[in-house]
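Colleague:
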Amino acid sequence: MNRISPVLDRLIGIEDPDELMVEISDVVNDTISTPQAGQFFIFSYQPSSTGRYDAHPLVAVTDVYSWGFRGTNFHHGEARSYSFSNVVGSTYRVYPEEITDLQALPFGKMRLNS
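Each residue of the sequence shown is one higher than the one before, starting from 586 at the first, in the numbering used here.
Structural data, given as structure tokens:
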């Protein structure tokens with residue numbers, strides 16, 4: 586089931602990552618309270634630590650802990666840790682067949698937290 590493909594043409598051309606994140610969240614609309622290892626998620630994030638981060642990560646979750654989860658961020662291209670307390674709003678499950686379409690959309694929002 587690919588929910589992104591039918592609306593991809595409408596989303597291509599939107600350059601504002603915040604607007605894209607809202608549009609994508611509306612389309613997938615499959616909220617999960619706690620991410621599960623082996624699944625893919627998008628969400629908004631505001632870290633408490635300093636450094637470079639993605640405010641709209643697309644993550645393949647590898648591990649879940651009491652404090653949060655760890656996974657590969659497709660925008661960073663590396664494993665990152667995410668605290669539940671720093672997730673803003675909902676986590677949205679996306680499916681493997683949607684990953685390629687999501688990677689075609691510039692909704693990643695790289696920020697520097699100092």
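Virtual Cβ for every residue (Gly too), placed ideally from N, Cα, C.
No experiment lies behind these values; they were computed from the predicted model shown.
Quick one: any contact between the stretch 613-622 and the stretch 595-602, if contact means 3 or more CB pairs under 8 Å?
Modeller: Contact between the stretch 613-622 and the stretch 595-602 is absent, because fewer than three Cβ pairs lie under 8 Å.
Colleague: Could you check where the alpha helix (DSSP H) with E683 kicks off and where it finishes?
Modeller: On the sequence shown, residue 683 is found 98 positions in, with the first residue counted as 1. Neither: E683 is in no alpha helix (DSSP H) and is coded neither H nor E.
Colleague: Helix or strand or just coil, what does DSSP make of M695?
Modeller: Your numbering for residue 695 matches position 110 in the sequence shown. Residue state, collapsed to three classes: strand.
Colleague: Given that a residue counts as buried once 16 or more other Cβ atoms are within 10 Å of its Cβ, and exposed if not, what is E663?
Modeller: Here residue 663 refers to the residue found at position 78 of the sequence shown. Result: exposed.
Colleague: Do you know how far the Cα of W652 is from the Cα of F669?
Modeller: Stepping through the sequence shown from its first residue, residue 669 is reached at position 84. Stepping through the sequence shown from its first residue, residue 652 is reached at position 67. Roughly 6 Å separates the two Cα atoms.
Colleague: In the DSSP output, which residue or residues are listed as bridge partners for L643?
Modeller: In the sequence shown, the residue the question calls residue 643 occupies position 58. BP columns for L643 point to I627.
Colleague: Using CA coordinates, which residue listed in V673, N671, R678, P632 is at the minimum distance from A645?
Modeller: Here residue 645 refers to the residue found at position 60 when the sequence shown is read from its first residue. Out of V673, N671, R678, P632, R678 has the C-alpha closest to the C-alpha of A645.
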